[in-house]
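Asker:
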Amino acid sequence: MLDVALVSLINDLSEKAGADGVIQFWQRVGENLASRMGKEAYLGWPSFNVAVREGRTAFSIEGETLTLTDMAIMDIDGDVVGYLYALKQCVFLPTILRVRYTSGDLPRADREVAQEYNESQHDIAICNFCVFHERFREEVAKNITVAGQPLTCLLLATRGFTGETKISPKNLPKVGINPEHVRALLRNYECVYALEMRGAKLREER
Amino acid sequence: MSRLVESNPFVEVATHFFLEDLADKVGISGLNNYLIGLAKTLAANMPEEEWKEWGEFLTALRAGDTMLSAFEEITTVTDHCIVTRHSPFERGWREYTKRVGSFSVAHKQVADFYNKNVKPTAVNSLHIILQTFRAAAATRVNVGGKVVRYAQVATVWADGQRMVAGDAERKDLLIRAGISETKLRMLLRDNADVWVLWTD
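Line by line, the protein sequences are chains S and G. Going by the numbering used here, 1034 is the number at position 16 of the first sequence; the sequence numbering is gapless. Going by the numbering used here, 600 is the number at position 98 of the second sequence; the sequence numbering is gapless.
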């Protein structure tokens, strides 16, 4: 019930502090959670991807995370510097359903927070939880090294409960992947992000 | 309503951090007020209910068709004594302790505040939400034209910590529940909550 209560909490907070206040609050919570989870180091991408598959990384708290091994990100020398990862199901979806079957609609604040975030920061949020989620992943990535290199996380695409999709105009060019390719991924996944080595020099768009 | 899909425990972990951040800002008594307000709002957002008689209500309660059992799987020991086998918050807490570490002390501090000022039946912050929710939800349920009343008898957390209603109140509640002290202690071995519902 805590998740359903959270939805009321967001509504209340939004009334008191405004949508931008909720965004700040969520981002701070994302940073705090990521910092509490500590650092991780992996010898290379194979060991990191095995850890993802077995649910041993900080990212695994989100639930089952899939490594899209056919979607490696290469640098200008042809070395693999990252991969795309995906969640089959948005972590907030069960909560949306639970709210639907207990109290009814999601409160207005959920949409307002997402909208404010899309307009002021990054046009990628489908619901208010995306705000927390993006910052959490960014901070976790900073705490993980693969072959001695810290990672960076780029949220690429999201699909919501009602079928609405968002593809990041800001992050897609950074990983050099065609938007149509990402759109196709959204048929099967609800959240797609990239993890790559910080500062890597990438190849041209595929 | 029947059984709800399970939440993703990550959302619950995030909510714990949300509450911890709130505790930093408004203090322990502020957080206590916030949790109480939160639970009352949640109950107020759920539609009111009416049941013809106690038997019909109990059937709905067991099936998860009333708001009082929407978030937890319960069994009825007697017509008025209800037990929750596993706390609805246990999965989230386990995920927190597995992925993050030990639970923030704020959750215990706010429970201590609640136990001192409201009723001594909370082990941590989550019980304030659950118990306040049940109390507020009960007032929205009508059985045979009468409002349902709720009281918490005892709470056991996943780590074994327990809180039991004070001696005087417990005696009265056990009579309402139709169970003995010994039976209560038996129930506390493998259940998370023991509570009572009745109408005046």
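Built from N, CA and C at the ideal position, the CB exists for glycine as well.
For G/ASN644, which beta-bridge partners are listed by DSSP?
Answerer: As a working note, residue 644 of chain G is residue 142 in the second sequence. Within the DSSP bridge table, the entry for G/ASN644 names G/GLU552 and G/VAL649 as partners.
Asker: Consult DSSP for S/GLU1208 and reduce its assignment to one of helix, strand or coil.
Answerer: If you number the first sequence from 1, residue 1208 of chain S lands on position 190. Three-state DSSP puts S/GLU1208 in coil, outside helix and strand.
Asker: Can you pull the chain S neighbours of G/THR476, defined as C-beta to C-beta under 7 Å?
Answerer: A question about residue 476 of chain G goes unanswered here, because the residues of chain G that appear run from 503 up to 702.
Asker: What runs of the beta strand (DSSP E), each 3 residues or longer, lie entirely inside the segment 1064-1133 of chain S?
Answerer: 1083-1092 and 1098-1105
Asker: So what does DSSP say about S/ILE1144, is it helix, strand or coil?
Answerer: Counting from one through the first sequence, the residue named residue 1144 of chain S turns up at place 126. Three-state DSSP puts S/ILE1144 in coil, outside helix and strand.
Asker: Which bits of chain S does G/LEU628 rub up against, with CB to CB less than 8 Å?
Answerer: If you number the second sequence from 1, residue 628 of chain G lands on position 126. What G/LEU628 touches in chain S: LEU1020.
Asker: Can you find a C-beta in chain G that's less than 7 Å from the C-beta of S/TYR1101?
Answerer: One-based indexing of the first sequence puts residue 1101 of chain S at position 83. So no, S/TYR1101 is outside the interface.
Asker: Whole angstroms are fine: how far does the CA of G/GLU552 sit from the CA of S/THR1075?
Answerer: As a position in the first sequence, residue 1075 of chain S is number 57, starting the count at 1. As a position in the second sequence, residue 552 of chain G is number 50, starting the count at 1. Using only the alpha carbons, I get a separation of about 48 Å.
Asker: Would you identify the three-state DSSP class for G/VAL666, choosing helix, strand or coil?
Answerer: The residue labelled residue 666 of chain G in the question sits at position 164 within the second sequence. In this structure, G/VAL666 counts as strand in the three-state DSSP scheme.
Asker: Anything in chain G within Cβ reach of S/ASN1050, meaning under 9 Å, just list it in chain order.
Answerer: Taking the first sequence and counting its residues from 1, one reaches residue 1050 of chain S at position 32. Going along chain G in sequence order, the residues near S/ASN1050 (Cβ under 9 Å) are PHE519, GLU522 and ASP523.
Asker: At 8 Å on the CB atoms, spell out the chain S contacts of G/LEU544, in chain order.
Answerer: Indexing the second sequence from 1 puts residue 544 of chain G at position 42. Within chain S, the residues near G/LEU544 are MET1019, VAL1022, ALA1023, SER1026 and SER1121.
Asker: Just to confirm, are G/ALA541 and G/THR634 a CB contact at a threshold of 7 Å?
Answerer: Locating residue 541 of chain G in the second sequence gives position 39, where the first residue counts as 1. Locating residue 634 of chain G in the second sequence gives position 132, where the first residue counts as 1. Yes, Cβ-Cβ distance for G/ALA541 and G/THR634 is below 7 Å.
Asker: Could you please give the first and the last residue of the uninterrupted alpha helix (DSSP H) stretch that includes G/ILE530?
Answerer: Stepping through the second sequence from its first residue, residue 530 of chain G is reached at position 28. Per DSSP, G/ILE530 belongs to the alpha helix (DSSP H) from 511-546.
Asker: Under a Cβ-count criterion, where at least 16 other Cβ atoms within 10 Å of its own Cβ denotes burial, should S/SER1053 be classed as buried or exposed?
Answerer: For the purposes of this step, residue 1053 of chain S is taken as the residue at position 35 of the first sequence. Exposed: under 16 other Cβ atoms inside 10 Å.
Asker: Could you give the distance in angstroms between the alpha-carbon of G/ASN693 and the alpha-carbon of G/TRP659?
Answerer: The residue labelled residue 693 of chain G in the question sits at position 191 within the second sequence. The residue labelled residue 659 of chain G in the question sits at position 157 within the second sequence. In a straight line, the C-alpha of G/ASN693 is about 9 Å away from that of G/TRP659.
Asker: Please list, in chain order, the residues of the segment 1199-1222 of chain S that have any C-beta partner in chain G closer than 9 Å.
Answerer: none
Asker: For G/LYS648 versus G/THR701, is the C-beta spacing smaller than 7 Å?
Answerer: Counting from 1 along the second sequence, the entry for residue 648 of chain G is found at position 146. Counting from 1 along the second sequence, the entry for residue 701 of chain G is found at position 199. Contact: yes.
Asker: Output, in chain order, the set of chain S residues within a Cβ distance shorter than 9 Å of G/VAL482.
Answerer: In the structure displayed, chain G extends from 503 to 702; residue 482 of chain G sits before or after that span and is not available.
Asker: Helix, strand or coil: which one does DSSP assign to S/PRO1191?
Answerer: Here residue 1191 of chain S corresponds to residue number 173 of the first sequence, with the count starting at 1. Helix, per DSSP.
Asker: Give the secondary structure of S/GLU1156 by DSSP, where H, G and I count as helix, E and B as strand, and everything else as coil.
Answerer: Counting from 1 along the first sequence, the entry for residue 1156 of chain S is found at position 138. The answer is helix: DSSP assigns S/GLU1156 an H, G or I state.
Asker: For the alpha helix (DSSP H) that contains S/GLU1049, what are its first and last residues?
Answerer: Indexing the first sequence from 1 puts residue 1049 of chain S at position 31. Residues 1020-1055.
Asker: I want to verify the contact list: residues of chain G whose CB lies under 8 Å from the CB of S/LEU1115, in sequence order.
Answerer: The count along the first sequence starts at 1 and reaches residue 1115 of chain S at position 97. Going along chain G in sequence order, the residues near S/LEU1115 (Cβ under 8 Å) are LEU506 and VAL507.
Asker: With distances taken from CA atoms, which of G/VAL602, G/ILE630 and G/MET548 is nearest G/PHE615?
Answerer: Here residue 615 of chain G corresponds to residue number 113 of the second sequence, with the count starting at 1. Relative to the Cα of G/PHE615, the nearest Cα in the group G/VAL602, G/ILE630 and G/MET548 belongs to G/ILE630.
Asker: Quick check on S/VAL1158 - is its C-beta less than 7 Å from some C-beta in chain G?
Answerer: Working through the first sequence from its first residue, we reach residue 1158 of chain S at position 140. Output row for S/VAL1158: interface = no.
Asker: Looking at C-alpha atoms only, which residue of G/LEU689, G/VAL696, G/ASN510 and G/THR641 is the closest neighbour of S/GLY1081?
Answerer: Locating residue 1081 of chain S in the first sequence gives position 63, counting from the first residue. Answer by Cα proximity: G/ASN510.
Asker: Roughly how many angstroms lie between the CA atoms of G/ARG642 and G/GLY680, to the nearest whole one?
Answerer: Stepping through the second sequence from its first residue, residue 642 of chain G is reached at position 140. Stepping through the second sequence from its first residue, residue 680 of chain G is reached at position 178. The alpha-carbon atoms of G/ARG642 and G/GLY680 are separated by roughly 24 Å.
Asker: For G/GLN654, which residues does DSSP report across the bridge?
Answerer: Locating residue 654 of chain G in the second sequence gives position 152, counting from the first residue. G/TRP697, per the DSSP bridge assignment.
Asker: Please tell me whether S/LEU1020 and G/THR517 are closer than 7 Å, where the distance is taken between their beta carbons.
Answerer: Here residue 1020 of chain S refers to the residue found at position 2 when the first sequence is read from its first residue. Here residue 517 of chain G refers to the residue found at position 15 when the second sequence is read from its first residue. The answer is yes: Cβ separation under 7 Å.
Asker: Give me the residue from S/GLY1056, S/ASP1123 and S/ALA1104 with the minimum Cα distance to S/THR1113.
Answerer: Position 95 of the first sequence, counted from the start, is the residue given in the question as residue 1113 of chain S. Of the listed residues, the one whose Cα sits closest to S/THR1113 is S/ASP1123.
Asker: So, helix, strand or coil for S/THR1163, using DSSP?
Answerer: Mapped onto the first sequence, residue 1163 of chain S falls at position 145. Strand.
Asker: What are the boundary residues of the alpha helix (DSSP H) that G/LYS618 is part of?
Answerer: As a working mapping, residue 618 of chain G is identified with position 116 in the second sequence. Where G/LYS618 is concerned, the enclosing alpha helix (DSSP H) stretches over 607-619.
Asker: Beta carbon of G/VAL655, beta carbon of G/TRP697: below 7 Å?
Answerer: Numbered from 1 along the second sequence, position 153 holds the residue referred to as residue 655 of chain G. Numbered from 1 along the second sequence, position 195 holds the residue referred to as residue 697 of chain G. Contact flag set, yes.
Asker: Using beta carbons (cut-off 7 Å, strictly below), is G/ASN547 in contact with chain S?
Answerer: The residue you call residue 547 of chain G lines up with position 45 of the second sequence. At least one chain S Cβ lies under 7 Å of G/ASN547.
Asker: Short of 8 Å Cβ to Cβ, which residues in the segment 1061-1083 of chain S face chain G?
Answerer: ALA1076, SER1078, ILE1079, GLU1080 and GLY1081
Asker: Within its chain, find whatever has a CB closer than 6 Å to the CB of S/TRP1044; leave out the 5 residues flanking it on each side and keep chain order.
Answerer: Residue numbering aside, residue 1044 of chain S sits at position 26 when the first sequence is read from its first letter. Cβ within range, chain order: VAL1149 and PHE1150.
Asker: Measuring alpha carbon to alpha carbon, tell me which residue in S/PRO1125, S/LEU1174, S/ARG1116 and S/LYS1160 is nearest S/ASP1141.
Answerer: For this step, residue 1141 of chain S is matched to residue 123 along the first sequence. Residue nearest to S/ASP1141 within the set S/PRO1125, S/LEU1174, S/ARG1116 and S/LYS1160 is S/LEU1174 (criterion: CA-CA distance).
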